[in-house]
Amino acid sequence: MNWLNTILILALAYAGAFLEGPFALFRNWLGAQITLLPALMVYTSLTSGIGTVALLAVCGGLLRDSPSENPLGVSILPLFFMGFIILWKRDLLLREHPFAQMALGLAAGAVFPLATLFLLFNLGRGPLLGWMWLWQWVAGTLTGGVLTPLLFRLFGRLRRAFEYPAMKQSSFREDREIKRGRQ
Amino acid sequence: MVAVLLSLPSRTADRLKLAISGLFLPLIGLAASTHEATAKAGDSLTSREELLRENAALRTNNQWLTFQYEQVSNALTENEQLRQRLNFRRQNPRWNLLPAHVFARDPETWWRSVWIDLGSRTPGMRTNLAVLTDEGLVGKVVSVGETRSRVVLLGDPGLRVAVLVGPNRLNATLRAGSAGARENNLLDIENLFGESAERTVRPGDQVVTWGEGGVFPAGIPVGKVVDVPQKDYGATTEARVRLSANLDALENVWVMIVP
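Chains E and Z, in that order, give the protein sequences. FYI, the numbering for the first sequence is 0 to 182, going by numbering that gives the first Met the number 0. FYI, the numbering for the second sequence is 0 to 258, going by numbering that gives the first Met the number 0.
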């Protein structure tokens with residue numbers, strides 16, 4: 000399942016990057032663009048290894064930066080940073096609980112644009128920030144919070160659809176076997 | 000890896016971006032054909048009566064435009080003859096405009112750029128060409144792929160345009176002032192130099208491209224002056240401009256091919 004999980008994550012990152020750039024439906028409706036990558040990174044870092052986290056950060060970051068005026072690769076570090084921190088502390092997190100997933104999604108949605116901005120300013124690229132950006136940031140944060148539990152559900156279903164069902168454990172136990180007849 | 004990517008020369012980075020964004024082409028094609036199919040389905044529902052009415056209106060419009068075209072052609076011929084007699088050098092070469100469709104916008108709100116569906120396969124397409132709508136200037140082409148190009152719009156922090164302001168044609172530089180103003184389609188003009196600019200530049204004055212710099216040909220409408228800040232000391236060197244084109248709702252644009 001591991002490779003399939005990684006492929007599904009990357010496929011969703013690709014679709015998410017398409018929704019952000021060339022697909023303007025959400026921008027026209029909400030006035031802000033839907034961002035899938037932070038939520039996807041939360042899911043990945045809670046369920047996969049460092050390899051998948053790094054792969055998602057690189058592929059997702061490049062896909063996100065390519066239709067944008069961002070310097071190519073500027074989104075990779077914030078994504079990897081978020082994924083690495085969650086991966087590092089994931090044994091302390093209640094990752095099965097939707098509330099914890101939502102909280103992590105909210106935090107990731109809020110941190111990702113701020114970390115990208117921090118990098119941009121350090122690179123000497125001065126983007127213009129206004130109310131529109133603030134609304135985009137709020138929408139991105141909320142989207143992260145809503146999408147993360149949904150991603151867990153979606154991937155749970157996909158896993159159940161593609162994985163072999165777990166073998167049912169037999170109730171037979173050797174230590175409780177009743178021996179009949181003479182020993 | 001990130002350090003290598005960030006230190007790439009801008010040309011190489013642009014090429015890499017074009018190559019990576021090429022991965023979206025199948026989805027873009029799918030979205031376009033779905034949109035087309037939906038539009039066709041909508042068209043088939045239009046009533047015959049409505050079509051006939053629209054046809055009649057278009058015929059009338061066509062007749063009027065043919066008449067106008069005849070008049071303009073005569074004026075152009077006359078103009079050309081007069082130019083030849085006076086040996087007057089043509090200042091504005093004929094604008095060769097190619098239609099393009101905007102299919103993607105920058106996902107980040109802090110930049111202002113769009114993607115159009117014209118690329119190097121189209122003869123004459125290259126970087127540093129002006130992009131405009133019927134209302135006025137929109138931006139310039141900054142990178143060209145095989146079938147698509149990226150256009151940086153007015154209001155992007157990296158784009159400055161030399162303009163002429165008002166009937167006295169004072170030269171100035173157009174740039175994005177603040178994000179809040181930009182969201183209302185307002186940009187700043189600075190370095191507004193000329194004799195008593197505060198008296199000669201007034202709200203409502205037309206702003207057009209100057210033509211210096213080699214990117215934007217002279218005379219493209221940009222917008223109108225909204226206000227000129229009053230200064231107690233020294234000459235006014237700034238004003239605010241409302242752009243003619245609505246950059247938040249771009250769908251179809253023209254690329255000005257310069258021979």
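Yeah, the Cβ is synthetic: ideal placement off N, Cα and C, and Gly gets one too. Since we're looking at a predicted model, the values are computed, not measured.
9 angstroms Cβ cutoff met for residue i and residue j
i        : j        : result
Z:VAL227 : Z:VAL200 : yes
Z:ASP116 : Z:ALA129 : no
Z:LEU97  : Z:VAL240 : no
Z:PRO220 : Z:SER243 : yes
E:GLY108 : E:PRO37  : yes
E:THR142 : E:VAL41  : no
Z:ALA74  : Z:ILE27  : no
E:ALA12  : E:LEU76  : no
Z:ASN190 : Z:ASN170 : yes
Z:VAL141 : Z:VAL252 : no
Z:ARG147 : Z:GLY118 : yes
Z:GLY154 : Z:GLN205 : no
Z:PRO258 : Z:GLY41  : no
Z:LEU50  : E:LEU71  : no
Z:GLU182 : E:TRP130 : yes
Of the listed residues the options, nearest to residue i (C-alpha basis)
i        : options                                  : result
E:ASP90  : E:SER44, E:LEU7 and E:LEU122             : E:SER44
Z:LEU158 : Z:GLY212, Z:GLU145 and Z:VAL164          : Z:GLY212
Z:LYS16  : E:ARG26, E:LEU61 and E:TYR13             : E:LEU61
Z:THR121 : Z:GLU145, Z:GLY135 and Z:TRP109          : Z:GLU145
E:ARG124 : E:VAL73, E:ASP174 and E:LEU39            : E:VAL73
Z:LEU249 : Z:GLY123, Z:VAL207 and Z:ARG111          : Z:ARG111
Z:VAL1   : E:LEU39, E:THR34, E:TRP28 and E:CYS58    : E:CYS58
Z:LEU108 : Z:GLU77, Z:LEU152 and Z:ASN86            : Going by the sequence as given, residue 108 of chain Z is Thr instead of Leu. With distances taken between Cα atoms, Z:THR108 lies closest to Z:LEU152.
E:ALA114 : E:ASP174, E:ALA102 and E:MET81           : E:MET81
Z:VAL224 : Z:GLU35, Z:GLU237 and Z:TYR68            : Z:GLU237
E:LEU18  : Z:THR172, Z:PRO106 and Z:VAL162          : Z:PRO106
Z:VAL150 : Z:GLU182, Z:VAL101, Z:LEU163 and Z:VAL3  : Z:VAL101
Z:LEU22  : E:ASP64, E:TRP130 and E:TRP28            : E:ASP64
Z:ILE256 : Z:ARG47, Z:PRO8 and Z:THR126             : Z:THR126
E:PHE154 : E:ALA138, E:GLU176, E:LEU39 and E:ILE177 : E:LEU39
Z:VAL143 : Z:LEU5, Z:THR65, Z:ALA18 and Z:SER72     : Z:ALA18
Z:GLY218 : Z:GLY203, Z:VAL162, Z:LEU173 and Z:THR76 : Z:VAL162
Cβ shell of residue i (< 6 angstroms), same chain only, five flanking positions each side left out
i        : result
E:TRP136 : PRO112
E:LEU127 : none
Z:THR132 : ALA244 and VAL252
Z:GLY176 : ASP187
E:GLN100 : THR147, PRO148 and PHE151
Residues near residue i in its chain [Cβ-Cβ closer than 8 angstroms; skip 5 each side]
i        : result
E:SER47  : ASN1, ASN4, THR5 and ILE8
E:VAL67  : One point to set straight first is that residue 67 of chain E is Ser, not Val, in the sequence displayed. For E:SER67, where only same-chain residues beyond five positions count, the Cβ hits under 8 angstroms are GLY20.
E:ALA192 : Nothing can be reported for residue 192 of chain E: it is not among the residues displayed for chain E, which extend from 0 to 182.
E:LEU92  : LEU45, ILE85, ALA99 and LEU103
Z:ASN61  : none
E:LEU122 : PRO70 and VAL73
E:LEU116 : PRO126 and LEU128
Environment of residue i [buried if 16+ CB atoms lie within 10 Å]
i        : result
E:GLY15  : buried
E:PHE151 : buried
Z:LEU185 : buried
E:TRP51  : According to the sequence provided, residue 51 of chain E is Thr. The question's Trp does not apply to it. With 16 or more Cβ atoms within 10 Å of its Cβ, E:THR51 is classed as buried.
E:PHE98  : exposed
E:TRP132 : buried
E:LYS167 : exposed
Z:GLU79  : exposed
E:ILE85  : buried
E:ALA10  : exposed
Z:GLY135 : buried
Z:THR208 : buried
Z:LEU246 : buried
E:GLN32  : buried
Z:ARG222 : A small correction: the amino acid at residue 222 of chain Z is Gly; Arg does not occupy that position in the sequence shown. Buried.
Z:THR45  : exposed
Sequence-distant residues of the same chain with beta carbon closer than 7 angstroms to residue i, five excluded per side
i        : result
E:PRO105 : In the sequence under discussion, the amino acid at residue 105 of chain E is Leu, which differs from the Pro named in the question. Counting only Cβ-Cβ distances below 7 angstroms, and skipping sequence neighbours, we find THR140, GLY143 and GLY144.
E:ALA53  : PHE79
E:LEU49  : First, the residue type needs correcting, since residue 49 of chain E is Ile and not Leu in the sequence shown. Contacts found: LEU86.
E:LYS88  : none
When you check each C-beta in the segment 65-92 of chain E against every C-beta of chain Z, which residues fall closer than 8 angstroms?
Hits within the stretch, in order: SER65, PRO66, SER67, GLU68, ASN69, PRO70, LEU71, GLY72, VAL73, ILE75 and LEU76.
The segment 17-45 of chain Z: positions lying closer than 9 angstroms to chain E by Cβ:
Under the 9 angstroms Cβ criterion, the segment 17-45 of chain Z contributes LEU17, ALA18, ILE19, SER20, GLY21, LEU22, PHE23, LEU26, ILE27 and ALA30.
Could you name the residues of the segment 105-118 of chain Z whose beta carbon sits closer than 7 angstroms to any beta carbon of chain E, in the order they occur along the chain?
Using a CB distance below 7 angstroms, the part of the segment 105-118 of chain Z facing chain E consists of ASP105, PRO106, GLU107, THR108, TRP109, TRP110, SER112 and TRP114, ordered along the chain.
Between the segment 113-129 of chain E and chain Z, which residues of the former have a C-beta closer than 9 angstroms to a C-beta of the latter?
If you check each beta-carbon in the segment 113-129 of chain E against every beta-carbon of chain Z, the ones closer than 9 angstroms belong to THR115, LEU116, LEU118, LEU119, LEU122, ARG124, GLY125, PRO126, LEU127, LEU128 and GLY129.
Residues within the segment 140-151 of chain E neighbouring chain Z, beta-carbon criterion of under 7 angstroms:
Flagged: no residues at all.
Return the residues of the segment 130-144 of chain Z that lie within a Cβ-Cβ distance of less than 9 angstroms from chain E, sorted by chain order.
Those residues of the segment 130-144 of chain Z that come within reach of chain E (Cβ to Cβ, closer than 9 angstroms) are VAL141.
Members of the segment 193-224 of chain Z near chain E, C-beta cut-off 7 angstroms:
Sequence-ordered contacts of the segment 193-224 of chain Z with chain E are nonexistent [C-beta pairs closer than 7 angstroms].
By the 9 angstroms beta-carbon criterion, what residues does the segment 37-69 of chain E contribute toward chain Z?
Within the segment 37-69 of chain E, the qualifying residues are VAL57, GLY60, LEU61, LEU62, ARG63, ASP64, SER65, PRO66, SER67, GLU68 and ASN69.
Give the residues from the segment 67-80 of chain Z that approach chain E closer than 8 angstroms (Cβ to any Cβ), ordered along the chain.
Legend: CB atoms of the segment 67-80 of chain Z lying less than 8 angstroms from CB atoms of chain E are not found in any residue.
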